[in-house]
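K.L.:
Numbering (the working numbering), first residue to last: 1 to 483. Note that CB positions come from ideal geometry on N, CA and C, so glycine has one too.
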Amino acid sequence: MYDADEDDMDNFEWCDDSFYDKDFMDVDDEIFEEAEGDVTLTASEGEDEPSELDHTKGEEDMDVSYFEEWDRTNIEVQHGPETRDDWAQRLLKQLKEEFDKVNVAGKQSQIFADHGQQSRSVVEVDKLLELFKNNCQMHLCTGQSRVENWKADGGVLIITWRCCHGHGGIWSSSKVLCVKKEQNVYTTTIMIAAAIIITGGNYEKFALFCKFLGLSFISRSTFMRIQKKYVIPEIKRFWKDMKASIWKIFFGESIILCGDGRNDSPGFSAKYCVYVLMEQFVNVIVDIEVVDKRETGGVSTNMEVYGLKKLLERVVGEIVVSEIVTDASTAVAALVRRMKDKYPNEFGNLFHALDIWHKSVKLTKKLSKAAKMKGCEVQSEWTEPIRNHFWYVAQESKGNTEKLKDSWFGVLHHVVGEHEWADGECTHGPLVSTEENKTLMDKGSNAMEALRKVVMDPRFLNALHHYVTFRMRYVEILSSLIK
Numbered sequence: 001m002y003d004a005d006e007d008d009m010d011n012f013e014w015c016d017d018s019f020y021d022k023d024f025m026d027v028d029d030e031i032f033e034e035a036e037g038d039v040t041l042t043a044s045e046g047e048d049e050p051s052e053l054d055h056t057k058g059e060e061d062m063d064v065s066y067f068e069e070w071d072r073t074n075i076e077v078q079h080g081p082e083t084r085d086d087w088a089q090r091l092l093k094q095l096k097e098e099f100d101k102v103n104v105a106g107k108q109s110q111i112f113a114d115h116g117q118q119s120r121s122v123v124e125v126d127k128l129l130e131l132f133k134n135n136c137q138m139h140l141c142t143g144q145s146r147v148e149n150w151k152a153d154g155g156v157l158i159i160t161w162r163c164c165h166g167h168g169g170i171w172s173s174s175k176v177l178c179v180k181k182e183q184n185v186y187t188t189t190i191m192i193a194a195a196i197i198i199t200g201g202n203y204e205k206f207a208l209f210c211k212f213l214g215l216s217f218i219s220r221s222t223f224m225r226i227q228k229k230y231v232i233p234e235i236k237r238f239w240k241d242m243k244a245s246i247w248k249i250f251f252g253e254s255i256i257l258c259g260d261g262r263n264d265s266p267g268f269s270a271k272y273c274v275y276v277l278m279e280q281f282v283n284v285i286v287d288i289e290v291v292d293k294r295e296t297g298g299v300s301t302n303m304e305v306y307g308l309k310k311l312l313e314r315v316v317g318e319i320v321v322s323e324i325v326t327d328a329s330t331a332v333a334a335l336v337r338r339m340k341d342k343y344p345n346e347f348g349n350l351f352h353a354l355d356i357w358h359k360s361v362k363l364t365k366k367l368s369k370a371a372k373m374k375g376c377e378v379q380s381e382w383t384e385p386i387r388n389h390f391w392y393v394a395q396e397s398k399g400n401t402e403k404l405k406d407s408w409f410g411v412l413h414h415v416v417g418e419h420e421w422a423d424g425e426c427t428h429g430p431l432v433s434t435e436e437n438k439t440l441m442d443k444g445s446n447a448m449e450a451l452r453k454v455v456m457d458p459r460f461l462n463a464l465h466h467y468v469t470f471r472m473r474y475v476e477i478l479s480s481l482i483k
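#1: For the alpha helix (DSSP H) containing Ala244, list its first residue and its last residue.
#2: Find the nearest neighbour of Tyr186 within the set Ala193, Ile196, Ile192, Lys175, judged by alpha-carbon distance.
#3: Could you work out which residue in Phe470, Lys403, Met373, Met472 is closest to Leu451 when comparing CA atoms only?
#4: For Ala463, tell me which candidate among Gln94, Ile356, Asn388 has the shortest Cα-Cα distance.
#5: Can the beta-carbon of Val475 be found less than 8 Å from the beta-carbon of Met278?
#6: Apart from the five residues on each side of it in sequence, which residues of its chain come closer than 6 Å, Cβ to Cβ, to Gln94?
#7: Do Glu289 and Gly317 have their C-beta atoms within less than 8 Å of each other?
#8: Does the stretch 312-331 come close enough to the stretch 254-269 that 3 or more CB-CB pairs lie under 8 Å?
#9: Output the residue ranges of the beta strand (DSSP E) runs that lie fully inside the stretch 103-182 and measure 3 residues or longer, sorted by chain position.
#10: Does the separation of the CB atoms of Asn400 and Val468 fall below 8 Å?
#11: Please go through the stretch 337-400 and give each complete beta strand (DSSP E) segment of 3 or more residues, from N-terminal end onward.
#12: With which residues is Ile256 paired in a DSSP beta bridge?
#13: What are the start and end residues of the beta strand (DSSP E) that includes Met278?
#14: From which residue to which residue does the beta strand (DSSP E) around Val286 run?
#15: Name the one or two DSSP bridge partners that Arg314 has.
#16: Locate the alpha helix (DSSP H) running through Ile518, then write down its first and last residues.
#17: Tell me which same chain residues have a C-beta within less than 6 Å of the C-beta of Phe351, skipping the five on either side of it?
#18: Would a C-beta distance cut-off of 8 Å place Tyr275 and Val291 closer than the cut-off?
#19: Is the stretch 201-209 touching the stretch 234-242, taking contact as three or more C-beta pairs under 8 Å?
#20: Check the DSSP bridge columns for Arg262 and list the partner residues they point to.
#21: Under a three-way DSSP split, which group does Glu418 fall into?
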């Protein structure tokens, strides 16, 4: 395994000593606990115990079903005279119109209908051969036909038949798409290769599937040739046109981007990382960067940050970004600050928000851990309500850090049965039965002291300003599909 060293880090101008300086990192409580020099990707799973920096290690892909009652875009954003919703609807309409233009195949639409949209079935060869053992297919010929030869090649069955009167022919199970160098190129052959690539499949796995099923399949060389000459160039062209349309619409707009990276394999063996930037409100992919480990000197843990760096540099002068939402990574936090310093005109006022879902997961873990301490068992009844309270106060803060902090402290009064205190009060209405039946904590109990340490953790409080816009990166749902 290729390990990072100082020489490798020097290959990239963004990897100076301050990049990993803990005093330089003041973004989140999680990020201070990571060992110096190691940056953990949230896109991959570690081989050892999950680190504090990486919220996604050892966890399922993001499930937001717990929080369906919360409106993730509740923070009201004004876009000139438009409200956020009006702005989003206007852009969605423009994007749909542009996408419709890109999706129109023009003269190729009929070809696609004739070839690509045909129904297909798996059939046993013997059953097909039986059809050629009847009367001759030539008009008025009553001779008995027979199969002279058959072969399965590239997922296509080709049968040569002849009757006793000399009639014969060649039948294939697929239409001919075109002829190259006097050889037929069959639609099914192209469609098999294209389907594997477009769906993010794996040739080896599908080839093994076909082997066990006894299904005719294309060779690896054929697959690679089709991929190189036809599928990949067309995908690149299509994405180029679509991206140009997206950027054209976003030009002059002030947008919020959320980013996430995904590695091709877990741990430090990853060779590639796909980093995606998506607009927060209209859920449109703005740009994608695929990073090869060789671009980061063979250090896989640097790929995510390097991918984000390239993406941010591309949007400079093209798209106005007012906010970016990421995970609580030391390297990402440092990169955002460096980009703000490097491009003060474009990113000087850029707000760096952190994913509220990741923070709630971390908070839940801390509360659950505290509840396992001796004399703190009662706290387990409050873990879920406290987590929900954090979501609620972050949503209601409307960008005000002090309001978020004051509301967050209110939970310390609520759990002991105090709903009004000297400088504040709970904002809830009458308590429901499930809330009334919870065991109240004693102010001087071990459980209350353990809860107070979690709620008033200085590092936790110092990071609250990154959550006042109440952002959650739904781009992770897309990233989870990238395997």
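P.N.:
Taking the coordinates as given:
#1: If you number the sequence shown from 1, residue 244 lands on position 244. 232-250 is the span of the alpha helix (DSSP H), which, as asked, contains Ala244.
#2: Position 186 of the sequence shown, counted from the start, is the residue given in the question as residue 186. The shortest Cα separation from Tyr186 among Ala193, Ile196, Ile192, Lys175 belongs to Lys175.
#3: Position 451 of the sequence shown, counting from 1, holds the residue named residue 451. For Leu451, the nearest C-alpha among the options comes from Met373.
#4: Here residue 463 is taken as the residue at index 463 of the sequence shown, counted from 1. Closest in alpha carbon position to Ala463, among Gln94, Ile356, Asn388, is Ile356.
#5: The residue you call residue 475 lines up with position 475 of the sequence shown. The residue you call residue 278 lines up with position 278 of the sequence shown. Val475 places its beta carbon less than 8 Å from that of Met278.
#6: Counted from its first residue, the sequence shown places residue 94 at position 94. The beta carbon of Gln94 sits closer than 6 Å to those of Ile249, all from its chain and outside the five residues before and after it, given in chain order.
#7: Position 289 of the sequence shown, counted from the first residue, corresponds to residue 289. Position 317 of the sequence shown, counted from the first residue, corresponds to residue 317. The Cβ atoms of Glu289 and Gly317 lie no closer than 8 Å to each other.
#8: With a cut-off of 8 Å on Cβ pairs, the stretch 254-269 is in contact with the stretch 312-331, counting three or more such pairs.
#9: For the stretch 103-182, whole beta strand (DSSP E) runs of length 3 or above, ordered along the chain, are 145-153, 156-163, 168-172, 176-180.
#10: Locating residue 400 in the sequence shown gives position 400, where the first residue counts as 1. Locating residue 468 in the sequence shown gives position 468, where the first residue counts as 1. The answer is yes: Cβ separation under 8 Å.
#11: Segments of the beta strand (DSSP E) lying fully in the stretch 337-400: 351-354.
#12: The sequence position of residue 256 within the sequence shown is 256, counting from 1. BP columns for Ile256 point to Glu323.
#13: Locating residue 278 in the sequence shown gives position 278, counting from the first residue. From DSSP, the beta strand (DSSP E) with Met278 extends over 272-279.
#14: The count along the sequence shown starts at 1 and reaches residue 286 at position 286. Looking at the DSSP string, the run of the beta strand (DSSP E) that includes Val286 is 285-292.
#15: Position 314 of the sequence shown holds residue 314. In the DSSP output, where bridge partners are listed per residue, Arg314 has none listed.
#16: A query on residue 518 cannot be resolved here, the shown segment of the chain reaching from 1 to 483 and no further.
#17: For this step, residue 351 is matched to residue 351 along the sequence shown. In chain order, Glu323 place their CB closer than 6 Å to the CB of Phe351, counting only its own chain and leaving out the 5 sequence neighbours on each side.
#18: Within the sequence shown, residue 275 is the residue found at index 275, counting from 1. Within the sequence shown, residue 291 is the residue found at index 291, counting from 1. Contact: yes.
#19: By the Cβ test, the stretch 201-209 is not in contact with the stretch 234-242, since fewer than three Cβ pairs between them sit closer than 8 Å.
#20: As a first step, residue 262 must be located in the sequence shown, where it is residue number 262. In DSSP, Arg262 forms a bridge with Val274.
#21: Locating residue 418 in the sequence shown gives position 418, where the first residue counts as 1. DSSP places Glu418 in coil when its eight states are reduced to three.
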